[in-house]
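Novice: So that we are looking at the same thing, I have put the structure below in structure tokens.
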Amino acid sequence: LLEAMSRFSPDTAAGTLRLHYAGPSGTRVEHDADEAGVATRTSIHGVVNSVRARSLVQSARAAIVIGSRDYEYAIPGKVYEIIATGTRLLVIAPKSSEVLSLAREYRLGWSHEPEDIDGIARSLEAIAANNTSFDFDRAELTASYQMARLDEALRALI
Numbered sequence: 244l245l246e247a248m249s250r251f252s253p254d255t256a257a258g259t260l261r262l263h264y265a266g267p268s269g270t271r272v273e274h275d276a277d278e279a280g281v282a283t284r285t286s287i288h289g290v291v292n293s294v295r296a297r298s299l300v301q302s303a304r305a306a307i308v309i310g311s312r313d314y315e316y317a318i319p320g321k322v323y324e325i326i327a328t329g330t331r332l333l334v335i336a337p338k339s340s341e342v343l344s345l346a347r348e349y350r351l352g353w354s355h356e357p358e359d360i361d362g363i364a365r366s367l368e369a370i371a372a373n374n375t376s377f378d379f380d381r382a383e384l385t386a387s388y389q390m391a392r393l394d395e396a397l398r399a400l401i
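Each residue of the sequence shown is one higher than the last, beginning at 244 in the working numbering.
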């Protein structure tokens, strides 16, 4: 992400995007942002409570979710909290990760594998331009929708 951000000069639309990081790895993100030359476009908030996290997400053009190679089978709970706000996701995760599959299946925003720096950069340009040319159907992720889908599938088996 930081490498993709570094491709844009501050006088471009994508170059005006800011990364707001909330979490326990602020020192590392700050260091990496400095190395990538985007420290002036990065704000570190540290560990925040749920009210502050929701506020950050709701004011964002996109919420970034980084999937871990060690937890490809897991979807972080924060993803569902982000979906509830209606904020688009930029998911960067390994190809086999559940969070990447979820983002792609339900068209929740932009999704890339970590090595796809060119794709991430294109997504940052789209985010900066407010280009949201895809559907975002949160209703498909509700319990009632999923239960009706399962009910239909089970009835088809009987």
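The C-beta atom is built at its ideal place from N, Cα and C for all residues, glycine as well.
1. Just to confirm my understanding: we take G280, look at its own chain, exclude 5 residues before and 5 after, and list those with CB closer than 6 angstroms. What are they?
2. Could you say which of E368, T328, I309 lies nearest to V294 if we only look at CA atoms?
3. Determine, using beta carbons only, whether G352 and A305 come nearer to each other than 8 angstroms.
4. If you measure between the beta carbons of I318 and V342, is that distance less than 8 angstroms?
5. Would you kindly report the start and end of the unbroken alpha helix (DSSP H) that includes Y323?
6. So what does DSSP say about V291, is it helix, strand or coil?
7. Rounded to the nearest angstrom, what separates E395 and A382 at their Cα positions?
Specialist: Here's the rundown:
1. S249
2. T328
3. yes
4. yes
5. 320 to 328
6. coil
7. 17 angstroms
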